[in-house]
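These protein sequence lines map, in sequence, to chains A and B. In this text, residue positions in the first sequence follow the working numbering: the first is 1, and each later residue adds one. In this text, residue positions in the second sequence follow the working numbering: the first is 361, and each later residue adds one. Glycine included, each C-beta is placed from N, C-alpha and C at the ideal position. Here's the structure, in structure tokens; my notes come after.
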Amino acid sequence: MSTIAPQFRLSRFIGSLFDLIFWVILIFSLVGLPIVFIVLFYIKLPVINGQLMTPYLAMTWMADPSRTLPIVKSFMHTTIFRVMAFPGFGFAALLAAATIFVERKFLAKMQLRVGPLYCGKIEGILQLMGDGFKLMSKEIIIPAKADKPIFWLGPLLFVGTAGAFVALIPVAPGWVVANPSVGLLAVFAVIGFFPIIAVLTAWAANSKWTFIGGLRALHQMVAFEIPLILSLLGVVILSGSLNLSQIVQSQEHFWWIAFLPIGAIVFFITILAELERIPFDLPEAESEIVAGWLTEFSGMMYGLIQLGTYKIICICRIIRGSIPWWLEWSNGLASVSAGYYHSRNYNWSCNCTLPWIATF
Amino acid sequence: MTTQLPPGMHIETVDEKIMTLNVGPQHPGSGHMRLIIKVDGDYIVSCDPDPGYVHRGEEKMAEYRNYIQNIPHLERPVIHDSSNILYPYCLGVEELLGIEVPERAKYIRVIAAELNRCIYILYWLAIYGIFLGHSTMFMWPAGDRELFIDLLEAMSGARVTHAYLVPGGVRNDLPSNFEERCLRQVEYFEKRLREYEAIFYQNPILKARTEGSGILSRTDAIRLGTTGSVLRASGVDFDVRKKEPYDVYENLDFQTIVMKEGDSYARSRIPYLEMFESCRIIKDALKKMPKSGSVRTKLKPNPKGGNDEVYRRIESGRGAIGYYIVSNNRPEPYRVKISVGSFRNLICMPYLLKGEKLGNMPAVYWGLNYWPVEADR
């Protein structure tokens, strides 16, 4: 029903706009302003650089860069910033987006795809945005017989659990949200959540395809968890600690990967299986069981799960990159280059490793 | 008694262990058809193909149009292989009306048919690749098809539905310097084909998935009446182009590809190897073709066939396509019956899928070189 109503009148349309403005002003002055004053009355305003930060002062500081800097600096040391921005949720989401971008670009180069190479004139930067907008603009369809609360919860749980990983990652000395003494065990514990989420959502969607896919996902994830844990235990023995920060510190001068090449390979393969990537995409085999346990998800619900998957990819490559082997503290950002290596998993099935390395 | 009912109409007995899956018609792996598959865990217990979703009544339509008007709609079942599905119709009508085809037109027809065969096989290969999770093999053949599509566009003026073959020859002569261009593109394509071998057919994952899945023995292949690449993959040396040569195929240098394994891998490999033979045929035909001359025998306006019937068949990308045409002294054919390879190969699907894993279903299904639209006609 996208046609204009037959009795459309411009005057009535403008009248409705004024009506809207009136209501916004009324509600803001009657409800919004009192709330602001009540909050300001109860909250203790912070003192920054010897000045009480009233809202008015904050506004003036926004306009003055020399005064903004201390605010930003003080904000950067709060826990909220660590959880939300760096190295928390926002940073991981950015890294995930970068991974998708790089992966799609390399795939496009190999497979003669046009979009990711040229979309947006400059190296296909608009492709990612286009994909995102497409997913957001799509309708979210919930099956009639689905168990709706759990079905809604599935994607959120998936992204949330993937974000929980980030809390454990030591990016640089001091830059870690949670630093438990058994950090590696915590990583395994978080990984153990994903099969449960997969089975829950598969069961809640009440469809045969999700059922088969969910069971396949459960079997595959649980089966590959054991070699995954075993492949990392060598590092624990060598470094003598389960704390991720201490593991990184222990290889300040020497990387354990030199002693544990088999472990590294096993880790790489099992992570592919954990993430259901090609060639371990049995739970999502689209030509047999549509999309496995993701069949009934549409629009942004599917997008959230994809974001979560790529987030785990990033985190796993950081775990592989900066924690057990390969890189040191200061090379936190260089783990992005490890991500290049990781995104090759797609093309592992293509027997084309050498030209691939040649591309970069 | 229940076997007499049409597929999907049975009263289903509920078993706690057996689950019925409707693969299609709205399923990414089905095409325009439905497979009613019963699975016990991950193993297929039975498979019941249910085609007919895109039936368009081509045979009935042909009875209301005269011999020339029939051309554009008869190519609709397989628009990727339009020259090949028109070929037997033209041969049959020529036999009915007693038309002699010029020598040059015969060669041009063979070239068009082989180019179209490559287009079809590349399209099929793209789908086969993506169904086995190999997305590179989806993009490469889909891109390389353009080579042949451009050539046929230069020949006929249309990119997909060419309607190039007509009773009495071909619609128009080749454009100037077509020979050079065709040779250059075909030679480039042969180089590309060798890359397919490395990236797809030698891939260990593909081999692990397709080798030994859906084995069709030689006797079964003959007994079930299969044709085309399915028949040749089971070790039967049968190609209409060799056994009953039409037009100028007997003068041309090529060979039939036969494999003995009879599994999905062999069935997928034979069309690929046939593309090399197609390239050989095209190059040979370009060499032996008369350089000038008429390409079309003029027909009388509204030609009438006698009280006669004719059956002609050719080898298409999916197997033998046969036309049975009956005429009764009128400008329209009395009856046109089309026998297509896709429909004949579909019958072995229940035999092949029984006892297979569900994961092997796409490999077996698309290995049959099946085109649902053609099967429904």
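Taking its Cβ as the centre, do 16 or more other Cβ atoms sit within 10 Å of A:Lys-145, making it buried, or is it exposed? In the first sequence, the residue the question calls residue 145 of chain A occupies position 145. By the neighbour-count rule (16 or more Cβ atoms within 10 Å), A:Lys-145 is not buried but exposed.
Can you list, in chain order, the residues of its chain whose CB lies under 7 Å from that of B:Asn-382, leaving out five sequence neighbours each side? Translated into positions along the second sequence, residue 382 of chain B becomes position 22. Same-chain partners within the cutoff: Arg-394, Ile-396.
For B:Leu-633, tell me which candidate among B:Gln-386, B:Leu-485, B:Arg-425 has the shortest Cα-Cα distance. The sequence position of residue 633 of chain B within the second sequence is 273, counting from 1. Comparing Cα-Cα distances from B:Leu-633 to each of B:Gln-386, B:Leu-485, B:Arg-425, the minimum goes to B:Leu-485.
Residue closest to A:Gly-192, alpha-carbon to alpha-carbon, out of A:Ala-164, A:Ser-66, A:Phe-13: The count along the first sequence starts at 1 and reaches residue 192 of chain A at position 192. When only C-alpha atoms are compared, the closest one is A:Ala-164.
Just the Cα atoms here: how many angstroms apart are A:Phe-13 and A:Asp-19? Here residue 13 of chain A is taken as the residue at index 13 of the first sequence, counted from 1. Here residue 19 of chain A is taken as the residue at index 19 of the first sequence, counted from 1. Between A:Phe-13 and A:Asp-19, the C-alpha separation is close to 10 Å.
One or two residues paired with B:Asp-400 in a DSSP bridge: Here residue 400 of chain B refers to the residue found at position 40 of the second sequence. Per DSSP, B:Ile-378, B:Tyr-403.
Taking only beta-carbon atoms, is A:Ala-285 less than 8 Å away from chain B? Position 285 of the first sequence, counted from the start, is the residue given in the question as residue 285 of chain A. So yes, A:Ala-285 belongs to the interface.
If the cut is a Cβ gap below 7 Å, which residues of chain A does B:Thr-657 touch? On the second sequence, residue 657 of chain B is found 297 positions in, with the first residue counted as 1. Result: empty, since nearest Cβ-Cβ is about 43 Å, beyond 7 Å.
Quick one: is B:Gly-458 near chain A, going by C-beta distance under 8 Å? For the purposes of this step, residue 458 of chain B is identified with residue 98 of the second sequence, where counting begins at 1. Output row for B:Gly-458: interface = no.
Rounded to whole angstroms, how far is the Cβ of A:Leu-153 from the Cβ of A:Leu-244, which I believe are closer than 8 Å? As a position in the first sequence, residue 153 of chain A is number 153, starting the count at 1. As a position in the first sequence, residue 244 of chain A is number 244, starting the count at 1. With 8 Å as the limit, A:Leu-153 and A:Leu-244 do not qualify as a contact, their Cβ atoms being about 29 Å apart.
Look at B:Ile-674 and B:Gly-622 and say whether their C-beta atoms are less than 8 Å apart. As a first step, residue 674 of chain B is located in the second sequence; it is residue number 314 there, counting from the start. As a first step, residue 622 of chain B is located in the second sequence; it is residue number 262 there, counting from the start. Against a cut-off of 8 Å, the Cβ pair of B:Gly-622 and B:Ile-674 comes out as no contact.
Hey, is the region 702-713 of chain B in contact with the region 486-498 of chain B, meaning 3+ C-beta pairs nearer than 8 Å? no
Going by the DSSP bridge assignment, what does B:Pro-409 pair with across the sheet? Translated into positions along the second sequence, residue 409 of chain B becomes position 49. B:Pro-409 is bridged to B:Leu-395.
Is the distance from the Cβ of B:Leu-525 to the Cβ of B:Cys-478 below 8 Å? Within the second sequence, the letter at position 165 stands for residue 525 of chain B. Within the second sequence, the letter at position 118 stands for residue 478 of chain B. Going by C-beta atoms, B:Leu-525 is not nearer than 8 Å to B:Cys-478.
Which residues of chain B have a Cβ atom closer than 9 Å to the Cβ of A:Leu-282, listed in chain order? Numbered from its first residue, the first sequence carries residue 282 of chain A at position 282. Gly-719, listed in chain order.
Can you tell which of B:Arg-695, B:Asn-444, B:Lys-567 has the C-alpha that lies nearest to the C-alpha of B:Asp-607? On the second sequence, residue 607 of chain B is found 247 positions in, with the first residue counted as 1. Selected option, being the one with the closest Cα: B:Asn-444.
Between B:Glu-455, B:Asn-430, B:Ile-509, B:Ser-589, which has its C-alpha nearest B:Tyr-730's C-alpha? Here residue 730 of chain B corresponds to residue number 370 of the second sequence, with the count starting at 1. Closest by alpha carbon: B:Ser-589.
So which residues on chain B does A:Met-110 lean against when the C-beta distance must stay under 8 Å? Taking the first residue of the first sequence as position 1, residue 110 of chain A is located at position 110. Those are Thr-496, listed as they occur along chain B.
Sorted by chain position, which residues of the same chain lie with C-beta nearer than 8 Å to A:Ser-298's C-beta, five sequence neighbours on each side aside? For this step, residue 298 of chain A is matched to residue 298 along the first sequence. Lys-138, Glu-139, Ile-140, Ile-141.
Would B:Met-393 pass as an interface residue toward chain A - the criterion being a Cβ-Cβ separation below 8 Å? In the second sequence, counting from the first residue as 1, residue 393 of chain B sits at position 33. It does not: the Cβ of B:Met-393 has no partner Cβ on chain A nearer than 8 Å.
Per DSSP, A:Gly-192 forms a beta bridge with which residues? For this step, residue 192 of chain A is matched to residue 192 along the first sequence. According to the DSSP secondary-structure assignment, A:Gly-192 is paired through a beta bridge with no residue.
Sequence-distant residues of its chain with Cβ nearer than 7 Å to B:Thr-657 (five each side left out): One-based indexing of the second sequence puts residue 657 of chain B at position 297. Excluding sequence neighbours, B:Thr-657 sits near Ile-459, Glu-460, Val-461, Pro-462, Gly-528, Gly-529.
Every unbroken alpha helix (DSSP H) within the region 83-126 of chain A, with a cutoff of 4 residues, ordered by chain: 89-111, 115-118
Let me check one thing: in DSSP terms, what residues is B:Glu-675 bridge-paired to? Taking the second sequence and counting its residues from 1, one reaches residue 675 of chain B at position 315. Its beta-bridge partners are B:Ala-680.
Check the Cβ-Cβ distances between B:Phe-491 and every residue of chain A, and say whether any is below 8 Å. Translated into positions along the second sequence, residue 491 of chain B becomes position 131. Cβ-Cβ to chain A under 8 Å: yes for B:Phe-491.
Below-8 Å beta-carbon distance, B:Trp-484 vs any chain A residue: Looking up residue 484 of chain B in the second sequence gives position 124. No, B:Trp-484 lies away from the interface with chain A (no Cβ there is under 8 Å from its Cβ).
Give the DSSP bridge partners of B:Asn-667, in chain order. Position 307 of the second sequence holds residue 667 of chain B. According to DSSP, B:Asn-667 bridges with B:Asn-688.
If we call anything under 8 Å between Cβ atoms a contact, is B:Glu-455 one with B:Val-724? The sequence position of residue 455 of chain B within the second sequence is 95, counting from 1. The sequence position of residue 724 of chain B within the second sequence is 364, counting from 1. Result no, Cβ atoms of B:Glu-455 and B:Val-724 do not sit closer than 8 Å.
Between the Cα of B:Arg-704 and the Cα atoms of B:Phe-614, B:Arg-583, B:Ile-439, which residue gives the shortest distance? To locate residue 704 of chain B, count along the second sequence from 1; it is residue 344. Residue B:Arg-583 is the option with its Cα nearest to B:Arg-704.
Roughly how many angstroms lie between the CA atoms of B:Leu-534 and B:Ser-638, to the nearest whole one? Numbered from 1 along the second sequence, position 174 holds the residue referred to as residue 534 of chain B. Numbered from 1 along the second sequence, position 278 holds the residue referred to as residue 638 of chain B. Taking the straight line joining both Cα atoms gives about 19 Å.
Using C-beta distances below 6 Å, list every residue in its chain close to B:Tyr-480, excluding the 5 sequence neighbours before and after it, in chain order. Translated into positions along the second sequence, residue 480 of chain B becomes position 120. Excluding sequence neighbours, B:Tyr-480 sits near His-440, Asp-441, Gly-677.
For the candidate residues B:Asp-613, B:Tyr-447, B:Val-453, whose alpha-carbon lies nearest to that of B:Asn-764? Absent from the model: residue 764 of chain B. The displayed extent of chain B is 361 to 737, so no value can be given.
Simplified DSSP assignment, three categories, for B:Arg-552: Sequence index remark: in the second sequence, residue 552 of chain B carries index 192 (1-based). Helix at B:Arg-552.
Of all Cβ atoms in chain A, is any one closer than 8 Å to the Cβ of B:Ile-479? The residue labelled residue 479 of chain B in the question sits at position 119 within the second sequence. For B:Ile-479, the answer is no, since every Cβ of chain A falls outside 8 Å of its Cβ.
So is B:Leu-381 in contact with chain A if we call contact Cβ pairs under 8 Å? In the second sequence, the residue the question calls residue 381 of chain B occupies position 21. It does; some Cβ of chain A falls within 8 Å.
Who are the Cβ neighbours of A:Gln-51 in its own chain at under 7 Å, not counting the five residues just before and after it? As a first step, residue 51 of chain A must be located in the first sequence, where it is residue number 51. The answer, listed in chain order, is Leu-57.
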